[in-house]
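In terms of my numbering, the sequence shown opens at residue 55 and continues consecutively. Cβ atoms here follow ideal geometry from the backbone N, Cα and C, with glycine treated the same way. Note that this is a predicted model, so its numbers are computed, not measured.
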Amino acid sequence: MTGISFTVDVAVRYKGFTLVEVLVSVALMSLVGIYFLTSQINDAHDRMVRSVAQDVLTLANSSMAYFVYMGEWPDQSGNCTGLIDALDAANAFPATNSDGSYTGAVDSRITARCSASGSPVGATLQITVQFPAGADDDADLLMGYLPTSTIDTSGAQPEVTHYVAAPRRATSNRYQFYKETLNSNSAFEIDKPSCGSGDTPAYMVIPQSLCVPGTAVGLGGYYFREITPSDASKWNLQLMVANGNNTGPGDFFVIGGPVPTVPLCDGRNVEVGAITYCE
Numbered sequence: 055m056t057g058i059s060f061t062v063d064v065a066v067r068y069k070g071f072t073l074v075e076v077l078v079s080v081a082l083m084s085l086v087g088i089y090f091l092t093s094q095i096n097d098a099h100d101r102m103v104r105s106v107a108q109d110v111l112t113l114a115n116s117s118m119a120y121f122v123y124m125g126e127w128p129d130q131s132g133n134c135t136g137l138i139d140a141l142d143a144a145n146a147f148p149a150t151n152s153d154g155s156y157t158g159a160v161d162s163r164i165t166a167r168c169s170a171s172g173s174p175v176g177a178t179l180q181i182t183v184q185f186p187a188g189a190d191d192d193a194d195l196l197m198g199y200l201p202t203s204t205i206d207t208s209g210a211q212p213e214v215t216h217y218v219a220a221p222r223r224a225t226s227n228r229y230q231f232y233k234e235t236l237n238s239n240s241a242f243e244i245d246k247p248s249c250g251s252g253d254t255p256a257y258m259v260i261p262q263s264l265c266v267p268g269t270a271v272g273l274g275g276y277y278f279r280e281i282t283p284s285d286a287s288k289w290n291l292q293l294m295v296a297n298g299n300n301t302g303p304g305d306f307f308v309i310g311g312p313v314p315t316v317p318l319c320d321g322r323n324v325e326v327g328a329i330t331y332c333e
């Protein structure tokens with residue numbers, strides 16, 4: 055009996071990625087890589103623009119600190135064009151350029167100026183950031199980080215200007231108190247306060263003791279008259295005391311006498327309290 059044999063052919067198929075699938079995968083990976091790379095670049099650029107905003111705010115804070123101490127903006131007499139140089143000299147902010155400007159990130163150029171004096175709100179500080187030509191997006195981005203600012207893209211180089219109001223009522227030297235002794239001219243000198251261009255220096259004085267001649271019928275009053283000071287930054291105030299007749303300005307006299315001597319009351323020096331301020 056002839057044997058019957060069976061042959062079974064098993065076809066083994068190996069399945070992998072087709073060329074189209076590989077190309078699609080590479081394209082997707084490339085898109086993801088481009089997305090994350092673009093995101094990283096945008097984040098880095100955003101951080102650079104934010105650093106420009108921080109430069110502007112630091113400059114504004116340094117300027118206000120100067121104003122609080124001095125009563126005016128740095129270089130206010132020069133319309134604040136030398137503000138950054140003045141702060142650089144005070145070790146409060148660096149000036150990186152010979153023209154007194156500061157160069158920040160993304161090639162930005164920072165300058166300052168202040169408005170004319172006489173405004174009801176005082177001199178307003180304006181800090182301007184100028185970007186390179188074509189950097190309108192940077193200017194728009196900076197506007198989002200700087201409140202109270204304006205943008206100008208009409209020129210070749212876009213500019214953002216940040217406004218800083220004068221802290222007029224915060225000046226530390228608004229009131230200064232003095233206790234002075236009358237000299238041989240029955241007078242004393244005090245320094246005029248530095249009020250800035252928006253205020254006027256003023257003073258109030260009160261003598262702590264007064265003497266009148268024995269022949270006077272009573273004390274009719276007193277006043278201080280301004281006489282020539284040693285320099286223009288001071289007031290020289292002379293105490294004039296009424297002799298009791300009270301008929302006119304001629305009834306006031308210098309209590310030191312016709313011969314210059316240091317005026318005394320009961321053997322003690324005459325002291326005067328004074329307050330200087332800006333109004």
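Where the alpha helix (DSSP H) through residue i begins and ends
| i | result |
| --- | --- |
| alanine 193 | 190–197 |
| aspartate 139 | 137–143 |
As assigned by DSSP and simplified to three states, the class of residue i
| i | result |
| --- | --- |
| aspartate 87 | Note that residue 87 is glycine in the sequence shown here, rather than aspartate. Helix, per DSSP. |
| tyrosine 232 | strand |
| serine 105 | helix |
| leucine 273 | Only weak support exists for where leucine 273 lies, its pLDDT of 48 falling under 50; the value from the coordinates is given anyway. Of the three classes helix, strand and coil, the one that applies to leucine 273 here is coil, per DSSP. |
| alanine 119 | helix |
| leucine 73 | helix |
| alanine 219 | coil |
| serine 203 | strand |
| threonine 92 | helix |
| alanine 336 | Lying before the first or after the last residue shown, residue 336 is absent from the chain, which here runs from 55 to 333. |
| alanine 187 | coil |
| threonine 157 | strand |
Identity of the residues DSSP links to residue i by a beta bridge
| i | result |
| --- | --- |
| valine 326 | Glu234, Pro261 |
| cysteine 168 | Leu179 |
| glutamine 292 | Ala241, Arg279 |
| leucine 318 | Asn323 |
| cysteine 134 | Cysteine 134 is not bridged to any residue. |
Short Cβ contact (9 Å threshold) for residue i with residue j
| i | j | result |
| --- | --- | --- |
| proline 221 | phenylalanine 121 | yes |
| tyrosine 257 | threonine 330 | yes |
| alanine 159 | valine 106 | yes |
| methionine 124 | serine 248 | yes |
Residue i - containing beta strand (DSSP E), residue span
| i | result |
| --- | --- |
| glutamine 211 | Segment: none, glutamine 211 is in no beta strand (DSSP E) and carries neither H nor E. |
| leucine 179 | 179–184 |
**Request:** Could you tell me whether the segment 149–158 touches the segment 235–255, using the rule of 3 or more Cβ pairs below 8 Å?
**Result:** no
**Asked** Counting pairs of Cβ atoms below 8 Å between the segment 175–182 and the segment 207–220, do you hit three or more?
**Response** yes
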